Amino acid sequence: MKKHTLLTKLAASVLAAAVLTLSFAGTAHAEELPYDTYNYDYRENFVLTPAAYVPNGSVTGQSVGTTDFTEPQDLCVADDGLIYVADTKNNRIVVLNDAMTETVRVIDGFDNNGQADTFNQPYGVCVSESGYLYVADSMNKRIVMLTPEGEFVKIIDNPQSEILEEGFDFIPIKVTVDYADRVYVISRNAFEGILVFESDGSFTGYFGTIEVKITLWEKFWRRIATKEERSKQQLYIPTEFTGMDVDADGFIYATNIDSDGVQAVRRLNPQGKDVIQKGENENVGGDIRIGTYGDYSGPSEITDVVYRDKGIYSMLDRKRGRIFTYDKEGNLLYIFGGIGSQEGTFTTPVAIEIIGDQIIVLDAYYGTIMKFAATEYGSLINTAVGLRYDGDEKEAIDIWKQVLKIDENNELANNGIGKAYLTAGENKTAMKYLELGMNRKYYSVAWKRYRNEILTENMNFILTAVLVLIGINFVYKRFIKKKKSSEEGGLL
0 MKKHTLLTKL AASVLAAAVL TLSFAGTAHA EELPYDTYNY DYRENFVLTP
50 AAYVPNGSVT GQSVGTTDFT EPQDLCVADD GLIYVADTKN NRIVVLNDAM
100 TETVRVIDGF DNNGQADTFN QPYGVCVSES GYLYVADSMN KRIVMLTPEG
150 EFVKIIDNPQ SEILEEGFDF IPIKVTVDYA DRVYVISRNA FEGILVFESD
200 GSFTGYFGTI EVKITLWEKF WRRIATKEER SKQQLYIPTE FTGMDVDADG
250 FIYATNIDSD GVQAVRRLNP QGKDVIQKGE NENVGGDIRI GTYGDYSGPS
300 EITDVVYRDK GIYSMLDRKR GRIFTYDKEG NLLYIFGGIG SQEGTFTTPV
350 AIEIIGDQII VLDAYYGTIM KFAATEYGSL INTAVGLRYD GDEKEAIDIW
400 KQVLKIDENN ELANNGIGKA YLTAGENKTA MKYLELGMNR KYYSVAWKRY
450 RNEILTENMN FILTAVLVLI GINFVYKRFI KKKKSSEEGG LL
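According to numbering that gives the first Met the number 0, the stretch in the sequence shown is residues 0 to 491, in order.
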């Protein structure tokens, strides 16, 4: 008996030690990440989540066989996999192989119609679908178009138009090109919007201007205020864009600093109209809960965006070093990253790109490209969102259920399953998951459809019951009620 008790206690101790070890192992793994991974629930409360992406190494100029990058400001991944880095203060473009292990070439000058020419602090770089390299040669106030090998093609500079302010100073800092070889340029202090140039280099106008709304009181005050008072008032000028990318359909994703923290990205159609979807909380501005953290107080400051695939895009917050990823419907999928000195954090994040399932971020201060790899959790979310985008709702259900095994309270997964069942016409099951996902809008749709479904299924019974009631009412009025009336008359 004593021996049995001793063995039981020993087994219990071993089991407890094992559980404790696993707990510490899990905690250690969580502590290995130098940043929080989180999202927001339907009440917009902060909720910790499993990591969607984790640090996966870094790249410096020396590690790829060249000199250190000095305050680089932009990077671009071409269709052939090569990575182009705008090494700004070194006045060069560095081209890396697809694995980012070695330098393919360095473009620090070119032959400009027989004259040796160089860059002066190039801030932006992109490669078009046609394979041409475009460089925002900022301090030379021009866009330089080259072949991928660095051979000169043409220069876009000095835009002329009546719509430009007198003395307009063209200082391009970001550039992107659509499928028709139209060139979109963000120029410093150009608050009217993105400048658009045709493939021949001619300036056609502004694109996607962000209008600043003025309240009725502010309009009234400006009318009655003195000239001196108006000069001290905040200038009501449009917001300046900070970064952009183009999707396969030619829609431009453009970021801006939003003082309200509500909308920091726009999806601009060919007419320049914003057609972005904002999701349930009407917010695509980064962090929803804006705390006070000293230098990091206030809303996110989104500095760049990358369109990925299947409607998914990621935005980079330069204030807190965070990366926010959304789907086409404006749902916030996951958040990661931070400011710091550990691997996986940044000091001055300036540009973001995607290589397959891997996200890369350029840090200007360290002159480093940080790499992030998708976890199983992140990959499952990406896959499920992609299936919904393609209309494969049924297949997406299994993927979302795998997400719930990792994060049982994931509202996104419950909503994904609920919407899939709703599309399949399984309204009762859809209601269950949409309730778990706290999705009032789609739950209401599912409930109405389920109610109609019940009514349709029981229509014969309902009609029969109605007819029976009508018959009973008829018999009552025609015979029973008439008989009672006759008897009462006879008594009188």
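Positions of the beta carbon are idealized from the N, C-alpha and C atoms, including for glycine. Just so we're clear, the structure is a prediction, and the values are computed from it rather than from any experiment.
* Drop a sphere of 10 angstroms on the beta-carbon of Asp259, count the other beta-carbons inside from all chains shown, and report buried for 16 or more, exposed for fewer. => exposed
query: Can you tell me the Cα-Cα spacing of Gly207 and Gly192, whole angstroms?
result: 6 Å
- prompt: Hey, out of Ile251, Ile289 and Gly297, whose CA is closest to Val305's CA?
  reply: Ile251
Check your understanding: In this structure, what does DSSP give as the bridge partners for Glu352?
Key -> Ile359
* Asked: So the beta strand (DSSP E) Leu331 belongs to, where does it begin and stop?
  -> Leu331 to Gly336
Of the listed residues Phe118, Phe169, Thr346 and Glu328, nearest to Val384 (C-alpha basis)
Glu328
For the 8 Å Cβ check, are there 3 or more pairs between the stretch 239-248 and the stretch 172-184? yes
Return helix, strand or coil for Ile185, following the three-state DSSP convention. strand
Does Gly293 pass the burial test, meaning 16 or more other C-beta atoms within 10 Å, or should it be called exposed? Here Gly293 scores only 47 on pLDDT, less than 50, and its place in the model is too uncertain to base an answer on.
- Helix, strand or coil: which one does DSSP assign to Thr87? helix
**Message:** So, for Lys231: in the same chain, excluding its five sequence neighbours on each side, which residues have a beta-carbon less than 7 Å away from its beta-carbon?
**Reply:** Residue confidence for Lys231 is low, a pLDDT of 46 falling below 50, so the modelled location carries little weight; the figure read from the coordinates is stated next. The answer is none, since no qualifying residue turns up.
Tell me the rounded alpha-carbon separation between Ser62 and Thr100. 7 Å
To the nearest angstrom, how far is the alpha carbon of Pro147 from that of Leu163?
32 Å
In the DSSP assignment, find the unbroken beta strand (DSSP E) run with Tyr432 in it and report its ends. First-last for Tyr432: Asn426 to Leu435, but that is the alpha helix (DSSP H), not the beta strand (DSSP E).
Short check: CB of Ser160 to CB of Phe202, under 8 Å?
-> yes
**Prompt:** Whose C-beta lies closer than 6 Å to the C-beta of Arg141 among residues of the same chain, with five residues either side of it excluded?
**Reply:** Ile154 and Asp156
* Asked: How is the alpha helix (DSSP H) around Asn414 delimited, first residue to last?
  -> Glu410 to Thr422
Practice item. Verify whether the separation of the beta carbon atoms of Phe68 and Val84 is less than 8 Å. Key: yes
Pick out whichever of Ala350, Glu197 and Ala373 has its Cα sitting closest to the Cα of Val76. Ala350
Exercise. So Val402 packs on Ala412, CB below 8 Å; how close in whole Å?
Worked result: 4 Å
Endpoints, the alpha helix (DSSP H) within which Thr102 is located: Where Thr102 is concerned, there is no enclosing alpha helix (DSSP H), although the beta strand (DSSP E) it sits in stretches over Thr102 to Ile106.
* Please state if the CB of Ile359 and the CB of Met369 are separated by a distance shorter than 8 Å. => yes
CA-to-CA distance, Phe45 to Val143, given in whole angstroms: 45 Å
Review point. Taking Cβ to Cβ, would you say Lys400 is nearer than 8 Å to Glu279?
Key: no
### Query
Considering only residues of the same chain and omitting the five flanking positions on each side of Asp326, which have a CB-CB separation below 7 Å?
Gly310, Ile311, Leu332 and Val384
Legend entry - Beta-bridge pairing of Thr175 - partner residues as DSSP gives them: Tyr183
In the DSSP assignment, what are the bridge partners of Met243?
-> Ala253
| message | Please return the same chain residues whose Cβ sits closer than 7 Å to the Cβ of Asn472, not counting the five positions on each side in sequence. | response | none
* Asked: CB-CB under 8 Å to Asn55, same chain, minus the five flanking residues each way: which ones, in chain order?
  -> Gln357, Lys370, Phe371 and Ala372
task = List the endpoints of the continuous alpha helix (DSSP H) containing Ser512.
result = There is simply no residue 512 to check, as the chain begins at 0 and stops at 491 in what is shown.
For Gly343, I'd like the list of residues in its chain whose CB is within less than 6 Å of its CB, leaving aside the five on either flank, ordered along the chain. Pro33 and Pro54
Expected contact under 8 Å - CB spacing of Ala506 and Lys393 to nearest Å
Shown here, the chain extends from 0 to 491; a query on residue 506 therefore has no answer.
Let's see if you can read the secondary structure: which residues bound the beta strand (DSSP E) around Ser201?
No beta strand (DSSP E) contains Ser201, which DSSP labels as neither H nor E.
Span of the beta strand (DSSP E) around Gln114: Gln114 to Asp116
Rounded straight-line distance, which links the Cα of Leu315 to that of Arg321: 6 Å
Quiz prompt | Residues that Met314 bridges to, as DSSP identifies them | solution = Val304 and Phe323
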